[in-house]
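Using the numbering used here, you'd call the opening residue of the sequence shown number 6 and step up by one each time.
All residues carry an ideal CB built from backbone N, CA and C; glycine is no exception.
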Amino acid sequence: MYNLVILRERVLMQFCCDVNRLYTSVFGALTGSENFHELMRLQTAIKVIMNHIYYDKKSKRFVHLSCGNHPVFSEYSKLVKYAIVSGSYSEMAHIFALLAGISKLIRSNAPQLHVEFASKSFNCKLFERQ
6 MYNLVILRER
16 VLMQFCCDVN
26 RLYTSVFGAL
36 TGSENFHELM
46 RLQTAIKVIM
56 NHIYYDKKSK
66 RFVHLSCGNH
76 PVFSEYSKLV
86 KYAIVSGSYS
96 EMAHIFALLA
106 GISKLIRSNA
116 PQLHVEFASK
126 SFNCKLFERQ
């Protein structure tokens with residue numbers, strides 16, 4: 006018997022976690038220390054601001070970053086604010102900006118929205134920016 010709750014199609018609105026954990030874990034993996042994780046936050050904020058066409062869905066030149074079936078953008082002003090303010094939330098767009106900032110690709114095993122993909126991992130494309 007299938008679980009009807011799992012089989013229902015859902016729309017993921019936002020991916021939230023503690024931003025400090027995101028930045029400390031990535032910085033710790035790269036350097037072996039978590040002391041200067043704010044540099045990761047700064048790098049992410051710079052990427053979001055300097056490359057607004059990838060993050061501002063109201064921009065006329067907006068380019069949608071997609072990874073599997075997960076939406077990766079939100080209101081641009083919130084993305085900038087959450088990237089700058091310590092202790093705020095992160096979204097998939099912050100993860101993309103962080104990866105672009107450090108020029109690394111991180112494999113993710115986030116839960117999929119559809120059951121047929123539940124056990125498959127996915128890789129996010131890294132977009133190189135000028």
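Integer-rounded CB distance, given that residue j should sit under 8 Å from residue i
i: tyrosine 81; j: tyrosine 60; result: 6 Å
i: alanine 98; j: leucine 84; result: 5 Å
Range covered by the alpha helix (DSSP H) that runs through residue i
i: lysine 109; result: No alpha helix (DSSP H) contains lysine 109, which DSSP labels as neither H nor E.
i: glutamate 80; result: Premise fails: glutamate 80 is in no alpha helix (DSSP H) and is neither H nor E.
i: lysine 52; result: 43–55
Where residue i falls, given that 16 or more other Cβ within 10 Å makes a residue buried
i: serine 108; result: exposed
i: glycine 37; result: exposed
i: valine 31; result: buried
i: leucine 103; result: buried
i: alanine 105; result: buried
i: serine 64; result: exposed
i: phenylalanine 163; result: Because residue 163 is not part of the residues shown, which for the chain are 6 to 135, the question remains open.
i: isoleucine 58; result: exposed
(request) Assess, as a yes-or-no matter, whether the stretch 75–94 is touched by the stretch 48–59 under the definition of 3 or more beta carbon pairs within less than 8 Å. (result) yes
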